[in-house]
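**Student:** Numbered per this note's numbering, the sequence shown spans residues 4 to 715.
C-beta atoms are modelled at their ideal positions from N, C-alpha and C, and glycine is treated no differently.
Computed from a predicted model, the values in this text were never measured in an experiment.
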Amino acid sequence: MSKKKRTGTPRPADLRPEQRLPEQRLPAPFAGTTQTRPERAVAAPAPLATAPVVPKAAVNEPVQPTFGLIRFDRRVRLLIGICVGLFIVLTLAKINYSSITIWNQVIPDGSDPKRGLITGTPRNMRLDEWGVLAPAFLSQANLGYPVTNPGLGGDQTPLVMNLPVKHFIGLFRPDYWGFLLLGPEMGFAWWWNFKIFFTLISVTLFFLVLTRNNFWLSVFGAFWVTFSAGMVWWSMFFTLPISFGCLTFVLFMELLYAKRRFRPLLLSVPLALLSTMFALHLYPAFQVPFAFILVTLIATYIIQYRWAAILENMPIKLVSLGLVAVGIGVSGYLYYSSAKATLDTMTQTVYPGQRANAGGEGFIANWFSDFYTWQVSDTKFPTTWSNICEMSHFVTFTPVIILCLLLLFIRTKTIPPMLVGLLLISAAFWTYIEVGWPMALAKATLMSTSTAARVQLPLGFAGLVLTILYLNELRTTKIVVKPTYLLAGIAGVLAIMVYAANLNVSDSGGFFKMSQLLMPTFFFFVLGVLLLPDVQFRYRIPAFCVGLLIFLLPNLKVNPVGIGMAPITENIFYKTINEIRQREPNARWVVFGAQPLTFMAMATGIDQLSGLKNQPDLKTMHVLDPTAKSDSAYNRHARPVYYPYIDGRDSTVIQLGQAADIYTVGVDPCSPKLKKLGVKYFVFDHQTQPAEVRCLKLVTSLGTIQIYRTTE
């Protein structure tokens with residue numbers, strides 16, 4: 004056969020199985036015979052030989068559901084399902100991670116010291132959580148979740164304090180929905196579990212967009228964020244703005260890149276809702292720098308990837324963004340109208356309202372202090388580093404990645420725009436912390452609302468995102484390995500780790516010894532080497548992720564595991580105060596004693612002069628201080644402490660404490676000023692003297708704690 008004939012129309016025997024036509028049988032009249040049509044009668048269609056071959060696996064492969072930029076495959080749906088399932092089960096079981104079991108020791112009533120504790124150690128130093136927030140939640144619950152609660156501060160404090168309230172603003176506080184739907188104990192569990200599982204879901208989706216659906220790297224990033232020291236030691240408080248911000252980013256990018264004509268309109272509703280949740284979280288010290296990170300990522304993502312897709316259906320997208328702006332504006336206006344008096348009071352306070360910062364105070368510890376968290380605890384840390392919460396942020400690999408990107412740039416002459424943007428925003432935050440910005444620039448960018456200490460966490464988050472995106476780039480970047488660059492990289496990583504160790508030794512005031520830091524320094528040296536572009540190890544990215552997860556494991560034990568709120572609600576002191584409150588709900592109280600006593604009394608919902616004043620109650624304070632000579636002491640967010648002060652002249656002594664949020668008030672229990680304020684009940688944390696109770700009658704004694712009432 005000639006060559007020409009061999010290259011003509013292929014015979015059936017020469018075709019691959021998937022290309023062959025079915026055997027052609029005779030028409031119906033010839034059924035029952037085995038005769039076939041003559042071969043010459045078979046005319047194979049011309050396109051048969053040139054048609055693209057579709058692999059069998061591709062034909063049977065199910066189409067993965069997508070949501071624009073995110074591919075919601077089986078793994079993503081399974082992760083979300085597991086998180087939602089655990090959230091529901093743990094909430095219904097009343098499981099929380101609060102340190103409220105510390106109340107069993109702070110105000111003992113003879114009960115089991117471990118009442119309400121399943122496992123772990125309650126942290127006494129987390130007073131803001133177990134001593135302020137938990138009682139504030141119960142105070143709101145006992146009063147029916149009002150928008151005004153004098154026991155927590157003046158005006159409409161619950162609206163600006165991020166508490167559960169029966170108000171439309173509650174729609175934008177999903178972490179508190181459990182209180183309104185399920186009651187205080189399940190609501191408390193809801194609040195804790197929401198922060199953990201909502202963060203895992205939202206940050207995973209955030210990284211799925213950034214990494215273009217790298218599932219395992221996205222899940223790793225979510226765990227890294229959620230269980231970093233800067234999250235767990237702050238009782239997961241900062242997870243909420245991170246979660247709301249990350250989901251806002253996801254929905255915004257989905258809207259920009261939406262291909263279906265009306266999808267932007269559908270996305271506008273949840274985008275307006277999530278962005279409003281982020282805005283109304285009302286902690287600008289963290290929100291402002293975190294928002295800069297999100298804006299940087301949006302801009303550089305558009306530059307790095309196909310931004311022409313944004314122009315598709317642009318009129319509908321502009322309308323959708325307009326609807327989002329309207330939704331945010333309307334919600335913000337309604338909220339401001341409701342809380343205007345309180346917000347005005349807050350902005351006029353000495354602390355934090357009129358506080359303006361330009362940075363430059365430096366790190367609480369240093370940029371690398373998280374490398375050595377295994378050597379510190381809440382009771383053992385360098386005294387110059389404030390406390391374990393303030394010194395905790397995120398493990399940083401930013402200096403190592405700068406070295407890696409420099410080596411890559413020498414070879415490839417390019418750096419992905421998102422990595423450049425994160426490096427620039429990190430540099431800006433670093434200068435704010437260490438050097439400071441001009442005050443005009445700080446105010447113009449709203450960074451003046453944040454201290455250098457609070458910018459540490461956004462700086463750490465930017466470095467974390469930088470690391471995840473760099474790892475994602477390593478998967479696709481191919482370079483020719485050169486031993487010279489590899490040795491230079493190893494030497495550079497070693498120099499960075501030695502510098503970090505020396506910095507911690509010198510900064511800690513003798514707390515650390517170099518011998519203590521050898522193992523963690525070597526550990527992070529190995530992780531840093533795994534990031535080098537010239538390291539050719541097939542499993543280096545999984546090895547890096549597993550190594551860091553092992554390092555983060557001890558953080559799972561930071562917060563204890565408890566059930567219910569019995570350490571407060573079953574305490575005899577709480578129950579006694581609550582019974583009196585139910586008989587006389589409008590009576591005012593004052594607690595003469597230490598903060599924990601007044602905080603537990605606050606949990607009952609009583610209207611008391613002492614305790615927490617998230618917003619100053621200026622009407623009350625001006626009765627105690629008619630000339631306002633001590634206005635600078637109490638015109639602030641504070642936790643006032645009252646004590647008996649009798650000088651025969653009805654004097655009131657108001658002084659600012661050592662901390663910016665504590666002031667003391669010395670007043671005569673029988674002062675006409677207290678009578679004018681309607682104070683009827685008095686709690687003393689000590690055995691009283693006759694002069695202190697000359698106008699009072701004893702109601703009950705609980706050990707050294709005594710409760711009195713006015714004789715009138």
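Please report how far the alpha carbon of L444 lies from the alpha carbon of S453, in whole angstroms.
**Tutor:** As a first step, residue 444 must be located in the sequence shown, where it is residue number 441. As a first step, residue 453 must be located in the sequence shown, where it is residue number 450. Taking the straight line joining both Cα atoms gives about 13 Å.
**Student:** Start and end of the alpha helix (DSSP H) containing P187?
**Tutor:** Position 184 of the sequence shown, counted from the first residue, corresponds to residue 187. It spans P187 to T214 - the alpha helix (DSSP H) in which P187 sits, taken as one unbroken run.
**Student:** Short check: CB of M442 to CB of A361, under 8 Å?
**Tutor:** Within the sequence shown, residue 442 is the residue found at index 439, counting from 1. Within the sequence shown, residue 361 is the residue found at index 358, counting from 1. Yes, the Cβ-Cβ distance between M442 and A361 is below 8 Å.
**Student:** Provide the residue span of the alpha helix (DSSP H) that contains Q143, from first to last.
**Tutor:** Position 140 of the sequence shown, counted from the start, is the residue given in the question as residue 143. A137 to N145 is the extent of the alpha helix (DSSP H) around Q143.
**Student:** Return the chain-ordered list of same chain residues with a C-beta closer than 6 Å to the C-beta of L534, the five sequence neighbours on each side being excluded.
**Tutor:** Taking the sequence shown and counting its residues from 1, one reaches residue 534 at position 531. Excluding residues within five positions, the ones whose Cβ falls inside 6 Å are V403 and C407.
**Student:** By Cβ distance, which residues of its chain are closer than 7 Å to G660, with the 5 residues on each side in sequence left out?
**Tutor:** The residue labelled residue 660 in the question sits at position 657 within the sequence shown. For G660, where only same-chain residues beyond five positions count, the Cβ hits under 7 Å are Y666 and T667.
**Student:** Indicate the three-state DSSP secondary structure (helix, strand or coil) for L166 in the structure shown.
**Tutor:** By one-based count along the sequence shown, residue 166 stands at place 163. Of the three classes helix, strand and coil, the one that applies to L166 here is coil, per DSSP.
**Student:** Tell me the rounded alpha-carbon separation between N145 and R584.
**Tutor:** Taking the sequence shown and counting its residues from 1, one reaches residue 145 at position 142. Taking the sequence shown and counting its residues from 1, one reaches residue 584 at position 581. Whole-angstrom Cα-Cα distance: 10 Å.
**Student:** Given P25, which residues of its chain have a CB within under 7 Å of its CB, disregarding the five upstream and five downstream residues?
**Tutor:** Counted from its first residue, the sequence shown places residue 25 at position 22. Unreliable placement is indicated for P25, whose pLDDT of 42 sits below 50; no coordinate value is reported for it.
**Student:** I103 bridges to which residues according to DSSP?
**Tutor:** Within the sequence shown, the letter at position 100 stands for residue 103. According to DSSP, I103 bridges with nothing at all.
**Student:** Ordered along the chain, which non-local residues of its own chain (more than five positions away) have a Cβ less than 8 Å from that of G365?
**Tutor:** Counting from one through the sequence shown, the residue named residue 365 turns up at place 362. Excluding positions up to five away in sequence, the list reads I436, E437 and A455.
**Student:** Classify T94: buried if its beta carbon has 16 or more other beta carbons within 10 angstroms, exposed otherwise.
**Tutor:** In the sequence shown, counting from the first residue as 1, residue 94 sits at position 91. Per the 10 Å Cβ criterion, buried.
**Student:** From L155 to E587, what does the alpha carbon distance come to, in whole angstroms?
**Tutor:** The residue given as residue 155 occupies position 152 in the sequence shown. The residue given as residue 587 occupies position 584 in the sequence shown. Distance between the alpha carbons of L155 and E587: 18 Å.
**Student:** Taking the alpha carbon of A192 as the point to measure from, which residue in P318, F293 and I103 has its own alpha carbon closest?
**Tutor:** By one-based count along the sequence shown, residue 192 stands at place 189. With distances taken between Cα atoms, A192 lies closest to I103.
**Student:** Report the start-end ranges of each alpha helix (DSSP H) in the segment 279-353 that is 4 residues or longer and not cut off at the edges.
**Tutor:** Qualifying alpha helix (DSSP H) stretches, in chain order: 287-307 and 317-350.
**Student:** Go ahead and pull the three-state DSSP assignment for T691.
**Tutor:** The sequence position of residue 691 within the sequence shown is 688, counting from 1. It is coil, neither helix nor strand.
**Student:** Have a look at E132 and F240 and give me their C-alpha separation to the nearest angstrom.
**Tutor:** Here the question's residue 132 lines up with position 129 in the sequence shown. Here the question's residue 240 lines up with position 237 in the sequence shown. Distance between the alpha carbons of E132 and F240: 9 Å.
**Student:** Roughly how many angstroms separate the alpha carbons of D115 and N107, rounded to a whole number?
**Tutor:** Numbered from its first residue, the sequence shown carries residue 115 at position 112. Numbered from its first residue, the sequence shown carries residue 107 at position 104. Taking the straight line joining both Cα atoms gives about 7 Å.
**Student:** What would DSSP say about W237, mapped onto helix, strand or coil?
**Tutor:** The sequence position of residue 237 within the sequence shown is 234, counting from 1. DSSP places W237 in coil when its eight states are reduced to three.
**Student:** Bridge partners of L120, per DSSP?
**Tutor:** Within the sequence shown, numbered from 1, the residue matching residue 120 stands at position 117. For L120, which the question treats as bridged, DSSP gives the partners G565.
**Student:** Tell me the residue span of the beta strand (DSSP E) that contains T703.
**Tutor:** As a working note, residue 703 is residue 700 in the sequence shown. Element bounds for T703: L699 to L705.
**Student:** Please say whether Y648 and W592 have beta carbons closer to each other than 8 Å?
**Tutor:** For this step, residue 592 is matched to residue 589 along the sequence shown. For this step, residue 648 is matched to residue 645 along the sequence shown. Contact: no.
**Student:** Quick check on the DSSP output: the beta strand (DSSP E) that includes W592 runs from which residue to which?
**Tutor:** Start at 1 with the first residue of the sequence shown, and residue 592 comes out as number 589. From DSSP, the beta strand (DSSP E) with W592 extends over R591 to F595.
**Student:** Quick check: the Cα distance between L612 and Y645, rounded to an integer number of angstroms?
**Tutor:** Here residue 612 corresponds to residue number 609 of the sequence shown, with the count starting at 1. Here residue 645 corresponds to residue number 642 of the sequence shown, with the count starting at 1. Roughly 8 Å between the two C-alpha positions.
**Student:** Would you mind stating whether L243 and K169 have Cβ atoms separated by less than 8 Å?
**Tutor:** Along the sequence shown, one-based indexing puts residue 243 at 240. Along the sequence shown, one-based indexing puts residue 169 at 166. For L243 and K169, no; Cβs fall outside 8 Å.
**Student:** Express the C-alpha separation of R176 and S738 in angstroms, rounding to a whole number.
**Tutor:** Past the boundaries of the shown model lies residue 738; the chain is included only from 4 to 715, so the question cannot be answered.
**Student:** Would G531 and I482 be called neighbours here (beta carbons separated by less than 8 Å)?
**Tutor:** Counted from its first residue, the sequence shown places residue 531 at position 528. Counted from its first residue, the sequence shown places residue 482 at position 479. For G531 and I482, no; Cβs fall outside 8 Å.
**Student:** Exposed or buried, which one is N589 when buried takes at least 16 other CB atoms within 10 Å?
**Tutor:** Mapped onto the sequence shown, residue 589 falls at position 586. Per the 10 Å Cβ criterion, exposed.
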